[in-house]
Each structure stands twice: as structure tokens, then as C-alpha cells.
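Below is one structure, written out as C-alpha cells; comments come after it.
Residue numbers (UniProt numbering): 1 to 323.
Take a look at the structure:
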């Protein structure tokens, strides 16, 4: 576990000294409760730095956290992210108590599609395999053949023995996958409310203002944004690219806390931010995390049928990705 000095240092790049001092007592209380409850806190890259660096034990993107949630030996999993992520943790750890600090921490993309929508598509295209991006509800996962993340979407699509694939629900990610596979992709009009705000003109404007800037976009952005970027990838792939490329000035076309959290990892880099914020992610706060642990509240509960079917779809993804 990080020491208080480690935490303080990791927060210095985004908070003023008095803000850090105000947050530390609550961070210490949460870390005390974690020990008392034998709880593990999973922190998505879009969490604010106080949550991400201050109290989360395992950090990363959805693929890594889904795998980590299944491997932890804690009694309680508290997912610092949004609701569908906590549901995925429950799918992979059905016998553990899985909590989220705010049940209203939803996702515009996950809420764009329902289980019935998937059933209709399966009836419309009988026999065509269904790939669902993990940014969807457990009920939608239960109707799919295999899940994917933005990091492994192309790998998953290409692993299927079919010339045609139904890819749900992100139409922009589907479009970016289509450019990297010979398979025919049938998509659905789902979008992330943060990533759909970015345009190619945004990127060109950034380049005019900061000559030589390295532009990194998320594949949930439209294809025209990805095409004018230097690199497109998942949040974990973004971090690896920054590390390997040596890029000094970086513009991230993704949720703004990603840049905030990377500043402490790469103190010698300059991050240019548009600060497009996900209001759902920002529902997760230190105060709510403390209460969730203290009262063991906002437990994720799923129907056993959903757990069984949804877990199979996620496990197939992990089997392909980690074989």
C-alpha cells in the first residue's frame, strides 16, 4: 500500500498544497476501512487523481481491471468507475460483494442499447456472431458471444470464424475496427458522450496552436478524429505509447482525468488538455467511497442467469486476449 508521502507526491501535479492537505485525512480513513473490511478498490483511468492515486489499489483500463477483479482474494470489491464496470466485476467474481460508490454513475454508451435490441439484431442476422464492447450492461453481455475492449477489439473480431460480425454498441469504435479488418462489421448507433464531442477540426486547431504536439485519441472517437491523430488506442495503450515514443508535448482526445493522472507518471511531459469531462465518472468521490465502504452500500446484484451468460462472454474475451 502507498505511504502518505507517496500519495502526496502523486497528487502534487494536479492539486495545490492546501487541497492535498484537505484530502489526506479522508484518504487515510478510506485506506483504514479497506484493511478493516478486506476490500480492494479498482480504479479506472478516468477517475479524478485523488480517487485514482489516493485510494485505488489496482489501476488501469477495463480489460485489466476485469481480469484483476476475478483474481483478487478480497471479500469486497469496490469499483471506482461506472456501473457497467462494477457489473463486469460481479460477473467475474459472483461470490464476492461488489460495490459502487454511486448507483447513478452510469454511461451514455452502455445506456444506448438494451438486451432486447441485441435480440432483435440476432433475429435480423441469424448465425452472425455478436461482439459487444465491455461498455455495456450485464444484460447485454448475456446476449453476446464474446466481449471486447477498445484495446483488443480488432483481435477479438479477427478471432471469429465468420466473414460478418455484429459489433455493439459503439458505432465509432466499430468504424475504427472496420478499417483494420477484412470482415464486414454490422454496427449500432451507440456513442460515448465525451468522445463524440471531439472533431477533426479540434485536432487540427490543436496542431496549429502547438506545433509538434503528439495527438493521441481514443478509438471511441469518430474515424475522422482517429485519422488525423498520431496514435489511437485504449487508455492503457495511450500510457504505453507515451512511454515508448518519448513524446514531450501530448494532446489526449479522451476524458480529461486521463491527462491529470498521467502527469504524475510522466512529470517531464507537457499535457495539453481540452478537459472534456464525463459527468458519470465524476460522481465517484472520496466522500461517497468512504460511505460505500463504511456501510457496505450500493451492492451490485445480478440475476444468476445473467451472471452465467455474461461471465462466459467476458471469459471468452480473456481467453483470447491472454492465451
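Where is the CB? At the ideal position from N, CA and C, for every residue including glycine.
- By the 16-neighbour rule on beta-carbons within 10 angstroms, residue 32 is exposed.
- DSSP links residue 39 through a beta bridge to 76.
- Excluding sequence positions up to five before and after residue 171, its CB lies within less than 8 Å of the CB of 187, 188, 189, 190 and 191, all in the same chain and listed in chain order.
- With contacts defined as CB atoms closer than 8 Å, residue 117 and residue 131 fail to qualify as a contacting pair.
- According to the DSSP assignment, residue 297 belongs to no alpha helix (DSSP H), since it is labelled neither H nor E.
- Residues 44 of the same chain have their beta carbon placed closer than 6 Å to that of residue 81, with the five preceding and five following residues left out of the count.
- DSSP places residue 240 in the helix class (H, G or I) of the three-state scheme.
- Going by beta carbons, residue 204 and residue 239 fall outside the 8 Å limit.
- Scanning the segment 46-116 for uninterrupted beta strand (DSSP E) segments of 3 residues or longer gives 58-60, 76-80 and 97-99, listed from N- to C-terminal end.
- For residue 309, the enclosing alpha helix (DSSP H) begins and ends at 304-322.
- Here residue 268 is exposed: its Cβ has fewer than 16 other Cβ atoms, across all protein chains shown, within 10 Å.
- Between the alpha carbons of residue 272 and residue 250 lies a gap of roughly 6 Å.
- In the structure shown, the three-state DSSP call for residue 227 is helix.
- In this structure, the beta-carbon distance from residue 58 to residue 42 falls below 8 Å.
- Three or more Cβ pairs closer than 8 Å define a contact, and the segment 58-67 falls short of that threshold against the segment 105-114.
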